[in-house]
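>
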Amino acid sequence: MLTHLFDGDVLIVRLPDDLDVSTRGTVVSQFEFLLRSYRPRTVVMELPWCAGGAAVVSAVLRAERLCRAAGASFGTTTSRAAPSLIDGPSPTEGLSLADGPSLAEEDDTPAAA
Numbered sequence: 000m001l002t003h004l005f006d007g008d009v010l011i012v013r014l015p016d017d018l019d020v021s022t023r024g025t026v027v028s029q030f031e032f033l034l035r036s037y038r039p040r041t042v043v044m045e046l047p048w049c050a051g052g053a054a055v056v057s058a059v060l061r062a063e064r065l066c067r068a069a070g071a072s073f074g075t076t077t078s079r080a081a082p083s084l085i086d087g088p089s090p091t092e093g094l095s096l097a098d099g100p101s102l103a104e105e106d107d108t109p110a111a112a
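FYI, numbering that gives the first Met the number 0 numbers position 27 of the sequence shown as 26, with every residue one higher than the one before it.
1. CA-CA distance, D6 and R38?
2. Can you tell me which of C66, T75, G52 puts its alpha carbon nearest to the alpha carbon of D17?
3. Which residues share a DSSP beta bridge with S72?
4. Give the C-beta separation of F73 and A62 to the nearest angstrom, bearing in mind that I take them to be a contact with Cβ-Cβ under 8 Å.
5. Is the beta carbon of R13 closer than 8 Å to that of T22?
6. Our contact map puts A69 next to L33 with C-beta atoms below 8 Å; I'd like the distance itself, whole angstroms only.
7. Considering only residues of the same chain and omitting the five flanking positions on each side of D8, which have a CB-CB separation below 7 Å?
8. CB T77 to CB L46, shorter than 8 Å?
9. Which residues does DSSP list as the beta-bridge partners of E6?
If you want it as structure tokens, here you go:
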């Protein structure tokens with residue numbers, strides 16, 4: 000269900016377009032497996048361009064909490080805003096990922112260089 004790409008210390012995952020309440024648990028379990036397997040420093044979650052359902056919000060919030068617990072930075076993007084990070088020529092070409100505060104709470108620790 001999840002499409003992913005790992006390059007360097009960056010894990011990029013794409014949520015499926017048809018994510019709903021019945022598939023959210025499976026997607027979160029797959030994400031947790033990827034997070035534990037790759038141990039990335041940064042995670043980018045690519046959301047469907049029409050992401051607005053409760054299942055998508057729930058999956059994003061759960062992924063953010065898992066990343067925070069694992070010490071990984073977390074960010075989101077939509078596939079409509081820019082070419083897909085997974086389908087593009089290089090996942091980091093022209094992409095600047097910076098460590099920042101958690102979505103849920105501010106982090107007072109300095110960003111890594």
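Where a beta carbon is used, it is the ideal one built from N, C-alpha and C, also for glycine.
Taking the structure as given:
1. The straight-line gap from Cα to Cα measures roughly 12 Å.
2. With distances taken between CA atoms, D17 lies nearest to G52 out of C66, T75, G52.
3. Here S72 is bridged, per DSSP, to T41.
4. Taking 8 Å as the upper bound for CB-CB distance, F73 and A62 are in contact here, some 7 Å apart.
5. Contact annotation: T22 and R13 have beta-carbon atoms that are not nearer than 8 Å.
6. Between A69 and L33, the beta carbon gap of about 11 Å keeps them out of contact (Cβ cut-off 8 Å).
7. For D8, where only same-chain residues beyond five positions count, the Cβ hits under 7 Å are P39, R40, T41.
8. Their beta carbons are under 8 Å apart, which means T77 touches L46 by this criterion.
9. Inspection of the sequence shows that residue 6 is occupied by Asp rather than by Glu. Answer is V9.
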